[in-house]
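J.: In my numbering, the protein residues as written are 313 to 819.
Submitted below is the structure of interest, expressed as C-alpha cells.
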C-alpha cells in the first residue's frame, strides 16, 4: 500500500509540475516575444467565453477584434495554442495572398488525426494533398458547371415554395430556420449526392435528420468538439469521432452505394460526386479513394446545410424589416422574369443587380462563417504591431485568426455598420470597398470554392418566395435579432419568425 501511495504521490507531483510549466509557458510566451496580448486564464487561455457558452465564436471574435484599436495585430491563446489575430487589411493581404507560401494551411476544426474520413475534406487538408484535391474539385464550381446545376436547384426551390402555397395556414406564422434548412438539405442531396428528397413533405427523412444531428450545438456537443480539436490523441484513445456513430454509418453507406451504383450501371450526372468518381478512376498519379469521396461529400453537405441556410434566413429577416428594399427587389424580379417569358432562367438570375446588392449586404452584416484562420508552416517576420514595438518572428505551428464579423462591422470601413444598406454595393460604391475588409467567403487561394453555388442556391429561393409572397414579421419576430451564444456560426437566438402573405397579383 505504501508503495502504491508513493507512486501516486510521484505521479501527482509530476502532473502538477507539468501543469505549472504549461501555465508558465502561457503567461510568458508573448512577453518574451514583446508582442501585445490579451490577459489569459491558465490552461484555457482566452477561450473561456466559448467553453462556458457566455458568447458565440462570432461575437467573441468581434470582441477580440475591438481590443487594442491602434494595433495591426496582437497575441492570444486558443486554449494552450499561441495565436495571433490580424486586424490590418494590408497585413491580411500580405499574409493571405502575397506570402501564402508561409500560410498554406487552415488550422482545421477536424483533421485526419481527429477523424480519418471527415478530416479528408478540402478545408482540412494540408500541403500538396490540398492542392491535388482542390484541382480535382475546382471544375465542379466553374460558371459552366454552376449553370448545369441550375435546374436541380430551381426544382428544389419550386417544391419548397409550393408547399407554403398549398399550406397557407403554415405560412401565417412559422420559424424559417427549420424550413430553409430543409430546402438547403434537398439542394445538397440533389446536387451533390444525386438523391431526390422533399423535406417539407417528408419531414422525417433520414437525410435531414442526420444533418440536424451533425449541426446539434448542445453544451455536450460543444465540449466534445473543443476536446476533439485540442486533444485529438486523447479522443482517439477513447475511439471518439467527429460524427455520431449512426450519422457516420449513414453517410458512409449512402455515398459508397451511390458511387458503386454509378460505376456498375454507367450512370453519370453533372454534379460534384461525378467529378470525384472520375478522379478515382483516373491513373494520373493523384490517388482518390472512397474515403476521400466520403470526406469531400460530407463537408459539402455540412457547409450547405447550416451556413448557407443562415445567410438566407438573415436575408429574409432584413427584407421583412425593410419593406421598401423588399418592394424594390420584387419589382426588379418581376420585370426581369417578364422579359424571359415568365420563367426564371439562369440568364435572368445573372441580370438581377439589386439582388446581388441585397445578398452582398446580407453577407457583410451576417457573414455565415464569421472567422477564418491559417497555420504558419514556414517562419515569417511580422512588421511591428504598432509604433514602439519590434518586429515579431512567427514560429511554425502558430495560428492566425481573422474576424470577418469584426471587419464587416467596423465603422472605419463600413459607416453605420448596423444599418442594412444594399447601396454600399451599387456600381458607384462597391469599387470603394477594400477587398481585404469584405471577405464573406474567405480570402486568397483557400477561399471557399463553392461561393457561386451557394449564392445561386440562396438567390433562387428568394426569387421564388418574393414572386409568390410578401415577407412580413409576426408577433413572434424579433428585430434586431439577438445573436445566439450557442452556435459556431451566426444564428438568431429567438429564431426567424415570418408570415408569407400571398401577393394579390402574381404575374
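Note that the Cβ used here is the ideal one computed from N, Cα and C, for glycine as well.
Could you please give the first and the last residue of the uninterrupted beta strand (DSSP E) stretch that includes residue 706?
T.: Unbroken beta strand (DSSP E) run through residue 706: 704-706.
J.: If distances are taken between C-alpha atoms only, which option among 726, 793, 752 comes closest to residue 741?
T.: With distances taken between Cα atoms, residue 741 lies closest to 726.
J.: Tell me which same chain residues have a C-beta within less than 6 Å of the C-beta of residue 684, skipping the five on either side of it?
T.: Closer than 6 Å at Cβ, skipping near neighbours: 714, 754.
J.: In chain order, what residues of the same chain lie with their CB nearer than 6 Å to the CB of residue 459, ignoring the 5 residues before and after it?
T.: If we look at residue 459 and ignore the five residues flanking it on each side, its Cβ neighbours are 658.
J.: Applying the criterion that 16 or more other CB atoms from any shown protein chain within 10 Å of the CB defines a buried residue, is residue 573 buried or exposed?
T.: When all chains shown are included, residue 573 counts as exposed.
J.: Are the beta-carbon atoms of residue 773 and residue 408 separated by less than 8 Å?
T.: No, these two residues do not count as a Cβ contact at 8 Å.
J.: Find out if the Cβ-Cβ distance for the pair residue 603, residue 429 is shorter than 8 Å.
T.: Yes, the Cβ-Cβ distance between residue 603 and residue 429 is below 8 Å.
J.: Taking only three categories from DSSP, how would you classify residue 711?
T.: Strand, per DSSP.
J.: What is the residue span of the beta strand (DSSP E) that residue 394 lies within?
T.: Its beta strand (DSSP E) spans residues 393-398.
J.: Quick check on the DSSP output: the alpha helix (DSSP H) that includes residue 570 runs from which residue to which?
T.: Per DSSP, residue 570 belongs to the alpha helix (DSSP H) from 557-577.
J.: Is DSSP giving residue 814 helix, strand or coil here?
T.: In this structure, residue 814 counts as strand in the three-state DSSP scheme.
J.: Relative to the alpha-carbon of residue 749, which residue among 798, 377, 392 has its alpha-carbon at the smallest distance?
T.: Comparing Cα positions, the closest option is 377.
J.: Classify residue 678 as helix, strand or coil using the three-state DSSP reduction.
T.: Coil at residue 678, not helix or strand.
J.: Give the straight-line distance between the Cα atoms of residue 527 and residue 701, rounded to the nearest whole angstrom.
T.: Near 43 Å, if we compare the C-alpha coordinates of residue 701 and residue 527.
J.: Do you know how far the Cα of residue 391 is from the Cα of residue 698?
T.: Taking the straight line joining both Cα atoms gives about 26 Å.
J.: Kindly provide the ranges of any alpha helix (DSSP H) runs that are 4 or more residues long and lie completely inside the region 398-430, ordered along the chain.
T.: Entirely contained in the region 398-430, the alpha helix (DSSP H) runs reaching 4 residues are, in chain order, 401-405.
J.: Bridge partners for residue 752 per DSSP, in chain order?
T.: Answer is 754.
J.: Does the Cβ-Cβ distance between residue 435 and residue 611 come in under 8 Å?
T.: Yes, the pair counts as a contact, with Cβ atoms nearer than the cut-off.
J.: Quick one: Cα of residue 609 to Cα of residue 577, how far?
T.: Their Cα atoms are separated by approximately 21 Å.
J.: Taking the alpha carbon of residue 447 as the reference point, which residue from 588, 808, 633, 620 has its own alpha carbon closest?
T.: It is 588.
J.: Kindly indicate which residue of 644, 427, 498 has the alpha-carbon position closest to the one of residue 663.
T.: For residue 663, the nearest C-alpha among the options comes from 644.
J.: Which same chain residues, not among the five before or five after residue 818, have their C-beta less than 8 Å away from its C-beta?
T.: Caution applies to residue 818, whose pLDDT of 44 falls short of 50 and renders its modelled position unreliable; the model cannot decide the point.
J.: Straight-line CA distance for residue 804 to residue 593?
T.: About 44 Å.
J.: On a Cα-Cα basis, can you pick out the residue from 401, 721, 350, 670 that is closest to residue 380?
T.: Of the listed residues, the one whose Cα sits closest to residue 380 is 350.
J.: Does residue 620 pass the burial test, meaning 16 or more other C-beta atoms within 10 Å, or should it be called exposed?
T.: By the 10 Å Cβ count, residue 620 comes out buried.
J.: Could you pull out every residue in the same chain whose Cβ sits closer than 7 Å to the Cβ of residue 672, ignoring the five residues on either side in sequence?
T.: Answer for residue 672: 737, listed in chain order.
J.: Look at the alpha carbon of residue 719 and the alpha carbon of residue 555, and state the distance between them as a whole number of angstroms.
T.: Each residue's Cα considered, the two are about 32 Å apart.
J.: Between the Cα of residue 679 and the Cα atoms of 635, 651, 661, 767, which residue gives the shortest distance?
T.: Closest option to residue 679, Cα to Cα, is 767.
J.: If you reduce the DSSP assignment to three classes, tell me which class residue 801 lands in.
T.: Correct three-state label for residue 801: coil.
J.: What span of residues does the alpha helix (DSSP H) with residue 475 cover, start to end?
T.: Segment 455-478, the alpha helix (DSSP H) holding residue 475.
J.: List the endpoints of the continuous beta strand (DSSP E) containing residue 686.
T.: Looking at the DSSP string, the run of the beta strand (DSSP E) that includes residue 686 is 683-687.
J.: The beta strand (DSSP E) that contains residue 593, what's its start and end?
T.: Counting along the chain, residue 593 falls outside any beta strand (DSSP E), though it belongs to the alpha helix (DSSP H) covering 584-593.
J.: What are the boundary residues of the alpha helix (DSSP H) that includes residue 784?
T.: That residue, residue 784, is in no alpha helix (DSSP H); its beta strand (DSSP E) goes 781-785.
J.: Can you grab the Cα-Cα spacing for the pair residue 519 / residue 511, in whole Å?
T.: Answer to the nearest angstrom: the Cα atoms are 9 Å apart.
J.: What does residue 809 pair with, by DSSP beta-bridge criteria?
T.: Its beta-bridge partners are 487.
J.: Do residue 342 and residue 382 have their CB atoms nearer than 8 Å?
T.: Going by C-beta atoms, residue 342 is not nearer than 8 Å to residue 382.
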